[in-house]
Ligand code: PMT
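In our numbering, the protein residues as written are 9 to 413.
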């Protein structure tokens, strides 16, 4: 869901969004978006087109906390209602954008409330179209979307799959997590734009037979939150993810790996084209010396079998050795004691520019938890202690500290 912990950025509290809803069977999905935007503290006003009101009602939006639901042009006394979102909102999102809504927006038609409000709004605007696949592929719709893109609209393209009428193709409303994040991206500062980030996330699994492995409890939440926060702030992001790492938006290039060897190979491939590395993965330091493809039988293993381990490559250190003047790297240090001293040692041994010291093992901190508490230490010894917060907020603050020494 859009509200999952690696996507919950409280940075956006207090921002104002205008939601335009059009007449589509997917209109009900905007209610879930409204609910999640509200949990971030975003103020949301809404306009329903006449067709949208056949699918959903103003009362549903008001019940979920919309600040205002606009009616039709010339309804009521408020003759300037069509200008309000342009004055009050920080951004506007129109979805599900039907073929006719897209056409009206492209034509600059102001004959009904929603398109008039869009025309009078010079803030960032987004459309997420949804329609029958043949309507989507029609050159008229494609030309309208192209024109809107050229005029600065963000377009979250429809998804492929079965549409309401039972046909297959591209036309379904995009995954609402994509729309949720595309909206936040319009509201975020683009202060990481121009940087290409390589990030490692999650655990590695080191198999010792066909079904058994050595690993750790990381589930990639911290790394996923850092990847999404950087992407929202304009970075190009390549994420090398161990098993269990949560969903990431399509705008992030994601490679799934299992072992440390696979993670290293993927990172080595990306690193020369990246300007920034952030190593959050809980890479297993050791792997079994012997690895079989078959499930070993208990009769073969006998009682109390001994697993012999060998060293895994240190990915952050390997890339740190290759680091050029133009590249920066951030490492994590998961510690249970002597946190500062150990973190500073890792900063040096991995040739990093910043270390995020993570006292794991405390309740609510580190592995498997939705919150975290870290201290960020720079090469010059300067330390910034962050309060315990959700991992998305910790990720946001890590980028703040990286950008603003
Ligand atoms: O994934 P979550 O459940 O959300 O948990 C988040 C986390 C606790 C995993 C994360 O916040 C964290 O602390 N990550 C670092 C985990 C770790 O393995 O730390 P380390 O101190 O062992 O390693 C130091 C650094 O070297 C880390 O940047 C690590 O990614 C890197 N490393 C370590 C070993 C290795 N073989 N290769 C590496 O790249």
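Each residue gets a CB set at the ideal place from its N, CA and C atoms; glycine is no exception.
Here the structure is a predicted model, which means the values were calculated and not measured.
Beta-ladder partner(s) of residue i, from DSSP
{"i": "residue 102", "result": "28 and 135"}
{"i": "residue 263", "result": "248"}
{"i": "residue 286", "result": "207 and 338"}
{"i": "residue 384", "result": "364 and 392"}
{"i": "residue 167", "result": "180"}
{"i": "residue 398", "result": "379"}
{"i": "residue 319", "result": "294"}
{"i": "residue 53", "result": "26 and 76"}
{"i": "residue 343", "result": "367"}
{"i": "residue 162", "result": "134"}
Whether residue i touches residue j by CB criterion (7 Å)
{"i": "residue 245", "j": "residue 275", "result": "no"}
{"i": "residue 390", "j": "residue 383", "result": "no"}
{"i": "residue 191", "j": "residue 180", "result": "no"}
{"i": "residue 304", "j": "residue 217", "result": "yes"}
{"i": "residue 289", "j": "residue 210", "result": "yes"}
{"i": "residue 107", "j": "residue 143", "result": "yes"}
{"i": "residue 173", "j": "residue 104", "result": "no"}
{"i": "residue 213", "j": "residue 254", "result": "no"}
{"i": "residue 351", "j": "residue 341", "result": "yes"}
{"i": "residue 138", "j": "residue 34", "result": "yes"}
{"i": "residue 55", "j": "residue 122", "result": "yes"}
{"i": "residue 324", "j": "residue 287", "result": "yes"}
{"i": "residue 72", "j": "residue 43", "result": "yes"}
{"i": "residue 94", "j": "residue 129", "result": "yes"}
{"i": "residue 347", "j": "residue 365", "result": "yes"}
{"i": "residue 22", "j": "residue 47", "result": "no"}
{"i": "residue 41", "j": "residue 184", "result": "yes"}
{"i": "residue 292", "j": "residue 268", "result": "yes"}
{"i": "residue 284", "j": "residue 336", "result": "yes"}
{"i": "residue 88", "j": "residue 133", "result": "no"}
{"i": "residue 124", "j": "residue 90", "result": "yes"}
{"i": "residue 225", "j": "residue 376", "result": "yes"}
{"i": "residue 310", "j": "residue 358", "result": "no"}
Same chain, Cβ closer than 7 Å to residue i, neighbours up to 5 away in sequence not counted
{"i": "residue 410", "result": "338 and 362"}
{"i": "residue 281", "result": "204"}
{"i": "residue 197", "result": "241"}
{"i": "residue 258", "result": "186"}
{"i": "residue 208", "result": "231, 248, 271, 275, 287, 288, 289 and 323"}
{"i": "residue 372", "result": "379 and 396"}
{"i": "residue 221", "result": "213, 214 and 215"}
{"i": "residue 330", "result": "279"}
{"i": "residue 37", "result": "181 and 184"}
{"i": "residue 19", "result": "404"}
{"i": "residue 75", "result": "51, 52 and 53"}
{"i": "residue 315", "result": "216 and 296"}
{"i": "residue 334", "result": "283"}
{"i": "residue 116", "result": "127"}
Close beta carbons around residue i, own chain, < 6 Å, minus the five adjacent residues each side
{"i": "residue 400", "result": "14, 16, 17 and 233"}
{"i": "residue 264", "result": "249"}
{"i": "residue 369", "result": "344"}
{"i": "residue 177", "result": "141"}
{"i": "residue 301", "result": "218"}
{"i": "residue 152", "result": "110, 111 and 114"}
{"i": "residue 381", "result": "373 and 396"}
Spatial neighbours of residue i in its chain, beta-carbon cut-off 8 Å, leaving aside the 5 residues before and after
{"i": "residue 68", "result": "39"}
{"i": "residue 25", "result": "45, 50, 51, 52, 53, 97, 98, 99, 100, 101, 191 and 195"}
{"i": "residue 175", "result": "140 and 141"}
{"i": "residue 156", "result": "110, 113, 114, 135 and 163"}
{"i": "residue 413", "result": "386 and 390"}
{"i": "residue 294", "result": "214, 222, 317, 318, 319 and 320"}
{"i": "residue 70", "result": "77"}
Neighbour flag for residue i against chain E, beta carbons, 7 Å
{"i": "residue 213", "result": "The structure shown contains no chain E; it is built from a single protein chain."}
Ignoring anything shorter than 3 residues or poking outside the stretch 55-121, list the beta strand (DSSP E) runs there in chain order. Listed in chain order, the beta strand (DSSP E) runs fully inside the stretch 55-121 are 76-78 and 99-105, counting runs of at least 3 residues.
Ranges of the alpha helix (DSSP H) found wholly within the stretch 214-244, counting only runs of at least 4: 229-240
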